[in-house]
Structure formats: C-alpha cells, structure tokens
C-alpha cells in the first residue's frame, strides 16, 4: 500500500520558473525523503528531512515538512530542462526500514 | 562510481517461465531492499535483508517469488511461473546501517515484460 500522495500528478513549467509539488501521508513518520526518477530509470535520492526538522535546503531544492498536517513540499527553483522527471516522496516509520512511496509528480520543463 | 548495479536491465519472457534477477549493492551497505514499480505508480516494497537475513516480506511477495542474499553481499530475486501481472520494473536498493537515517540508494532496475 502507498502511504504518500503527491499533488499535482503532473506539472508543466517554463525553464527558469519554480516548480512546487506536495506530498501528504497518513501515519506518523521517522523521515521523509524525495527522489527523482528519469523516464524508465532508477531513483536518485534528492533530500532527506527528519520528522523533527521543518525545512531543509540543498542547492536549488527546498523541502518543508509539517508533521501536524502530515504534509511536505518540494520546491525546485530556477528550473532547467534537465529537471524534467518524476518526483516521489517516500516515508519510513519508527522501527521500520522500508520506504513507502507516493504515486509521484511528473514535471516537464519546457525550453 | 560503485553504485548499486542490477542485471539484466531488461528481460522479456513468456508466461509460465522462471526468471532470476541479480542485485549488487554498494559494498559497505549491509541492508538491501527489493521494490516493484508498475507504470505510473511509485515503487512498492517487496522484501528487505539485513546482511544475509531476510527480515521482512510484503504480502505482494507471493509464493512464486523468492529472494536470497546468501553471503550478505549480492541478492537474487526469482519469480517462478511468471504471469502477465508480474510485468513491472524491479528495483533494488541498499543502505548502510546508520542509526535512524534511512536514505536508500537505488539501482537502475530490471524491467520485466511477461508475454
């Protein structure tokens, strides 16, 4: 079963614009991670935020976490064509190591 | 770069045949995971190893599926009597034993097509 849900399902933006996608989950978590997947390929880890953190930055990525609302957002600033991919949030719960993924947001960056 | 590797990358088989996939994790990682991903969906957990011990299996892992990690290094996932519903991307991931941080490193996946 999939714990997370991403919103929107698909996003199309112009190069240089910002892209924001959201993830909601159902149960209390240990960590929340964001992964990127280019078409038909494996997942690349982007960023991990712990349940006691509220915001984290990595390069052009900004992740927020609101545990009271059981939601997270991923912001990609100044998007590039190479950012075209599917983005997944994944959560793990205390005492467990497996990740539960959402269905993903497909981002298309137009040149 | 010695990341997670998976072989084969693609496998086409006829219904009823057996298939086996291999995963080589990052060498110092003692945790290894298998996930399955169907088109338009996120990966779903199948099973997890800590060293050579298989510690958890999903209900998705029917009795036609078996996974091994005999020496705590590489792992194999075998599907017997394949069905068309087994068509999917099979992803392997590994992670170090590092407290509560569960960042997992994924391989490129094996895409299975059952005709």
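Residue numbers (our numbering), protein chains in the order written: chain A, 20 to 130; chain B, 29 to 143. We treat Cβ as the ideally placed atom computed from N, Cα and C, and that holds for glycine. Predicted, not measured: the structure shown is a model, and the values here were computed from it.
Please state if the CB of residue j and the CB of residue i are separated by a distance shorter than 8 angstroms.
| i | j | result |
| --- | --- | --- |
| residue 21 of chain B | residue 80 of chain B | No statement about residue 21 of chain B is possible, as the shown extent of chain B runs from 29 to 143 and does not include it. |
| residue 96 of chain B | residue 104 of chain B | yes |
| residue 51 of chain A | residue 32 of chain A | no |
| residue 138 of chain B | residue 34 of chain B | yes |
| residue 107 of chain A | residue 56 of chain A | yes |
| residue 139 of chain A | residue 86 of chain A | The question about residue 139 of chain A has no answer, for chain A in this structure spans 20 to 130. |
Within 8 angstroms of any Cβ in chain A, is that where the Cβ of residue i sits?
| i | result |
| --- | --- |
| residue 76 of chain B | yes |
| residue 36 of chain B | no |
| residue 118 of chain B | no |
| residue 84 of chain B | yes |
| residue 73 of chain B | yes |
When you compare only the Cα positions, how much space is there between residue i and residue j?
| i | j | result |
| --- | --- | --- |
| residue 86 of chain B | residue 75 of chain B | 6 angstroms |
| residue 133 of chain B | residue 78 of chain A | 20 angstroms |
| residue 36 of chain B | residue 49 of chain B | 7 angstroms |
| residue 89 of chain B | residue 35 of chain A | 43 angstroms |
| residue 84 of chain B | residue 130 of chain A | 45 angstroms |
| residue 66 of chain B | residue 58 of chain A | 13 angstroms |
| residue 72 of chain B | residue 128 of chain A | 27 angstroms |
| residue 120 of chain B | residue 51 of chain B | 6 angstroms |
| residue 69 of chain B | residue 122 of chain B | 21 angstroms |
| residue 57 of chain B | residue 110 of chain A | 20 angstroms |
Would you say residue i reaches chain B, if we count a Cβ-Cβ gap shorter than 8 angstroms as a contact?
| i | result |
| --- | --- |
| residue 76 of chain A | no |
| residue 116 of chain A | yes |
| residue 35 of chain A | no |
| residue 29 of chain A | no |
Report back the beta-carbon spacing between residue i and residue j to the nearest angstrom; my notes put them in contact at under 8 angstroms.
| i | j | result |
| --- | --- | --- |
| residue 23 of chain A | residue 43 of chain A | 7 angstroms |
| residue 83 of chain A | residue 92 of chain A | 5 angstroms |
| residue 124 of chain A | residue 37 of chain A | No, residue 124 of chain A and residue 37 of chain A are not in contact; Cβ-Cβ is about 14 angstroms, not under 8 angstroms. |
Which bits of chain B does residue i rub up against, with CB to CB less than 7 angstroms?
| i | result |
| --- | --- |
| residue 51 of chain A | Simply none; closest approach about 10 angstroms. |
Applying a beta-carbon distance threshold of less than 8 angstroms, which residues of chain B neighbour residue i?
| i | result |
| --- | --- |
| residue 122 of chain A | 68, 69, 70 |
Could you name the residues of chain A that residue i contacts, counting a contact when the two beta carbons are closer than 8 angstroms?
| i | result |
| --- | --- |
| residue 136 of chain B | 60, 61 |
| residue 59 of chain B | 116 |
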